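Asker: Numbering-wise, the sequence shown is residues 37 to 765 according to the working numbering.
Note that beta-carbon positions come from the ideal geometry of N, C-alpha and C, so glycine has one too.
Computed from a predicted structure; not experimentally measured.
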Amino acid sequence: MKSDDVNPSIRPSGQGADAASAGDGAALAGGAAPLASAATPPTPPVADGGAATEGFAAINRAKLVAFFRAGVKDKQMFGYELEHIVLRKDTEGPVSYDEPGGIREVLECMAPQYERRISHDDDLMGLVRGNEVVSLEPAAQIEVSAGPFSKVSDAEQSYLSFRESLDPVLEELGLFTPMVGYNPSVKASELRLIPKFRYDSMDRFLSAEAYAGVTMMRGSASLQVSIDYHSEQDALCKFRIAEAIAPILALMCDNSPLYEGEVRTSQMVRMGVWDAMNQDRVGVVPGSLDPDFSFERYADYILSRGAILVPDGDEWRYVGSQTFYEVYADREMTDFEVEHALSMVWPDARLKNFVEIRPADAMPFDFSLAYVTLIKSLFYGPANLEVLDALLRGVTEDDVRAAKHDLFRRGYAARVYGRSMEFWVDLLMNLAVGAAGPDEAFYLEPLQSMTRNRFTLADAYQDPGKREPGYDEKIQAVLERSGAPRVGIFPRYDFELTGISLSEGYTTGVLAAGGLPVVLPLTDNPRMLEKIVEVCDAFIIPGGQDIDPNFYGQKRNLRLHRVTRQRDEMELALIPRILQARKPILGICRGMQALAVANGGTLFHDIHLTHPESAIGHVQGRPFDAPRHEVEVVPGTRLAQITGRRRFGVNTIHHQSVKDPGANMVVSARADDGVVEAIEMTGDTFVVGVQWHPELLWRTEDSSHSLFRALVHAAVSKGAADSLNSAGL
């Protein structure tokens, strides 16, 4: 959320905290001179508001243009604004402003460490210290705004200083901040507004348009970064790029696992809230992606919006949908009124006397600092701007909206402007690493590692409501049982070999079935592989990246996604050894495909090309733990015996599929469009591959839980048989 209050008691002067306001933060870049007079303005073209082009309309439009031009500077500074939802430790419930031990008391306890108080009537609403401003958003989210900075390390120190003031107070009052992008505790309508006419007015106006207006104001928390510009052309280039990459940045920084007190059903919750609002003042600024967009057209955009409320002497006045053009039709706006007008729109990027980039969720500070470094490195690298401007040239407002909607549904599997989301994420991170330099590149690491593994902070959330009753006791029983079979789980390593990304469902599914999961190291050393086969009783090959088609006699094509050749080599060397030892294997998604390739089979590179008429979307969006389509099981197969079902529902997150299952392998299930959904080896050894993800379904779908049970049972049976054989019985 960014509601942006402008407080007359600290009117901006263009530098540091004095250029900020309670709710509008200090995230200035290099600062700007006071507004110039606009007595003899030009008459610019009207963009989309149908505003008058003479008299005070032209004067006020030119005054806004003068404000933007006053922001032109040669500096390359930045600032940040980071919002904090606050909850109670004992109940994990919300905290209001004026309740005992609430947010008013938090500010009062922090006040002695700050230089200046910001009050509204008799209510403390903010604090100022140097270039740092602490302020409140509508439902008492605490925002810290700071800048300008030239170095990321200075921003780091500034935030740590803020937390040194905040954290002891939160601890004393029994509060905490979860550092997420949307309030996880209750519905937004249950969150109380702070006592301020501005927010009452906004709530009245926006809630009448859509419920998303309520959730935007009360439920969300964001991270915003502001950057300088050295000319009008530079400002509009940065603004245009920021708007175009906003959907990409939003997924990279997706940190809202809950919406309205429930587990979310789509990705990028906070951006989804903005998308559900009336697009009059959010999203992409009309015409701003055009190469001929100008300061004057942005000024016209601002003045043709409904003002909602305006200053009226020492008070405020509700004006609803009356535009700024109409409110100030008979006089010139003051500097303060100009800045208020600029704060009453909330697009993905916003122009003031700096460019404000707005799509990121609030995140833990190591990730927030990584994002600050990302933005600084992307937008202050001239070569980076040239690359991005060239790649994004021709992107339209409809393209941006379409990208958002595909990302909501499919996350990292989405297509953005004709390319994969993975392409854009890797490009942005690589450009940033190249521009950051040795003194700041290390700040990128948390975001770099997470995006490399196609993961978001919201993905890490585990819903405690879905934990099986008695689950912890079952795990403890397995750990205490000496005879529990060891199930070796192949690792999903990224291609730089710096870490693994393994869904917890693989390990918990094994534990719940009575096995002991062992995550294997990445190796193709023959002696190590032999030892792995000897030590483990059964194996799971999990999902992951595409398999290099060279391993099954084909060439790469444009539809191929990322490959990890080191993992390919390990799996294709280890699978034959496991088969020779006649030990059980369960292949999942890519793991099923690896079983086929290891036995001489082949794959379809992309099922969207091979099955273009299919009504099944094989890359589903969230929730991943909900079946999306059904599979038909072949009678008489091991899979039919395991599940006891002819048809059942499965989830689906894949773009490749098995073409030929390989020697001694047969198809045991298909989707209704003919895509192979399961394969298995003929004979007595348990070798089963499934295209869906039972590790995400085993808690709720018995057909998936039964696969883990069958694997562990097969391991136990194999171990017992081996023991008898070794005893000569």
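Exposed or buried, Lys125, counting other C-beta atoms within 10 Å across all chains shown (16 or more means buried)?
Answerer: Answer is exposed; the Cβ neighbour count stays below 16.
Asker: Once DSSP output is grouped into helix, strand and coil, what is the label at Gly627?
Answerer: In this structure, Gly627 counts as helix in the three-state DSSP scheme.
Asker: How about the segment 614-627 and the segment 576-596: do they share at least three Cβ pairs that are nearer than 8 Å?
Answerer: Touching, yes, given that three or more Cβ pairs across the two stretches are closer than 8 Å.
Asker: Under the rule that 16 or more other beta-carbon atoms within 10 Å means buried, what is Glu208, buried or exposed?
Answerer: Per the 10 Å Cβ criterion, exposed.
Asker: Could you check where the beta strand (DSSP E) with His665 kicks off and where it finishes?
Answerer: Element bounds for His665: 665-669.
Asker: Quick check on Asp159: does DSSP put it in helix, strand or coil?
Answerer: Correct three-state label for Asp159: strand.
Asker: Assess contact between the segment 167-182 and the segment 195-213, defined as three or more Cβ pairs (one per stretch) separated by less than 8 Å. Is contact present?
Answerer: The segment 167-182 is in contact with the segment 195-213.
Asker: Assign Trp310 to one of three DSSP states: helix, strand, or coil.
Answerer: DSSP places Trp310 in helix when its eight states are reduced to three.
Asker: Report the CB separation of Ile583 from Leu556 in whole angstroms; it is logged as a contact under 8 Å.
Answerer: Contact doesn't hold; Cβ gap of about 18 Å is too wide.
Asker: So, at 6 Å on beta carbons, what are the nonlocal neighbours of Ala549 in its own chain, with the 5 sequence-adjacent residues on each side left out?
Answerer: The answer, listed in chain order, is Phe744, Arg745, Val748.
Asker: Taking DSSP as the reference, what is the three-state secondary structure of Pro146?
Answerer: Reading off the sequence, residue 146 comes out as Met, not Pro. In the structure shown, Met146 sits in a helix (DSSP, three-state: H, G or I).
Asker: Is the beta carbon of Arg522 closer than 8 Å to that of Ser572?
Answerer: One point to set straight first is that residue 572 is Cys, not Ser, in the sequence displayed. In this structure, Arg522 lies closer than 8 Å to Cys572 by Cβ.
Asker: So, helix, strand or coil for Ile621, using DSSP?
Answerer: It is a strand residue.
Asker: Distance, Cα to Cα, Ser404 vs Ala377?
Answerer: Going by the C-alpha atoms only, they are around 28 Å apart.
Asker: Per the contact definition of three or more C-beta pairs closer than 8 Å, is the segment 211-222 in contact with the segment 160-170?
Answerer: Output reads no: the segment 211-222 does not touch the segment 160-170.
Asker: Let me make sure I understand the geometry here. Which of Arg446, Asp159, Met304, Leu414 has the alpha-carbon closest to that of Asp397?
Answerer: Comparing Cα positions, the closest option is Met304.
Asker: Quick check: what's the CA-CA separation for Arg386 versus Lys567?
Answerer: Whole-angstrom Cα-Cα distance: 59 Å.
Asker: According to DSSP, simplified to helix, strand and coil, what is His741?
Answerer: Looking at His741 - three-state DSSP - the assignment turns out to be helix.
Asker: So is Phe478 buried or exposed if we call it buried at 16+ other beta carbons inside 10 Å?
Answerer: The residue in question, Phe478, is exposed, as its Cβ has fewer than 16 Cβ neighbours within 10 Å.
Asker: Under the assumption that Val306 contacts Ser256 (Cβ atoms under 8 Å), give the Cβ distance between them as a whole number of angstroms.
Answerer: Per the sequence shown, residue 306 should be read as Arg rather than Val. At roughly 5 Å, the Cβ-Cβ gap stays under 8 Å, so Arg306 and Ser256 are in contact.
Asker: Which residues does DSSP list as the beta-bridge partners of Ser256?
Answerer: For Ser256, which the question treats as bridged, DSSP gives the partners Tyr218.
Asker: How would you label Asn561, buried or exposed, when you count the other beta carbons within 10 angstroms and need 16 or more for buried?
Answerer: Flag for Asn561 reads exposed.
Asker: Return the residue from the list Tyr364, Phe660, Gly725, Gly710 that minimises the CA-CA distance to Thr673.
Answerer: Cα-wise, what sits closest to Thr673 is Gly725.
Asker: Can you grab the Cα-Cα spacing for the pair Ser292 / Gly217, in whole Å?
Answerer: Taking the straight line from one Cα to the other gives about 5 Å.
Asker: I believe Val782 touches Val686 by the beta-carbon criterion, under 8 Å. Please report the beta-carbon distance rounded to the nearest angstrom.
Answerer: Residue 782 lies beyond the stretch modelled for the chain, which goes from 37 to 765, so this question has no answer here.
Asker: Whose CA, out of Leu639, Asp336, Ser225, Glu298, lies closest to the CA of Lys591?
Answerer: Cα-wise, what sits closest to Lys591 is Leu639.
Asker: Taking just the CA atoms, how far does Glu375 sit from Lys187?
Answerer: Spanning the two alpha carbons is a distance of roughly 27 Å.
Asker: In this structure, does DSSP put Thr359 in helix, strand or coil?
Answerer: The answer is strand: DSSP assigns Thr359 an E or B state.
Asker: Provide the residue span of the alpha helix (DSSP H) that contains Met288, from first to last.
Answerer: Run containing Met288: 268-288, per the alpha helix (DSSP H) assignment.
Asker: With respect to the beta strand (DSSP E) encompassing Gly725, which residues constitute its N-terminal and C-terminal limits?
Answerer: Taken as a continuous stretch (DSSP letters only), the beta strand (DSSP E) holding Gly725 covers 723-726.
Asker: If we ignore side chains and look at the alpha-carbon of each, how far apart do Asp435 and Thr600 end up?
Answerer: Distance between the alpha carbons of Asp435 and Thr600 is about 31 Å.
Asker: Are the beta-carbon atoms of Lys223 and Asp311 separated by less than 8 Å?
Answerer: Not in contact: Lys223 and Asp311 (Cβ atoms no closer than 8 Å).
Asker: Between Glu368 and Arg105, which are expected to be in contact by the criterion C-beta below 8 Å, what is the C-beta distance as a whole number of angstroms?
Answerer: Not really, about 17 Å apart at Cβ, beyond 8 Å.
Asker: DSSP beta-bridge partners for Arg333?
Answerer: Beta-bridge pairing links Arg333 to no other residue.
Asker: Could you check what DSSP says for Pro418 in three-state terms: helix, strand or coil?
Answerer: Pro418: helix per DSSP, three-state reduction.
Asker: Determine whether the beta carbon atoms of Met313 and Ala246 lie at a separation below 8 Å.
Answerer: Contact: yes.
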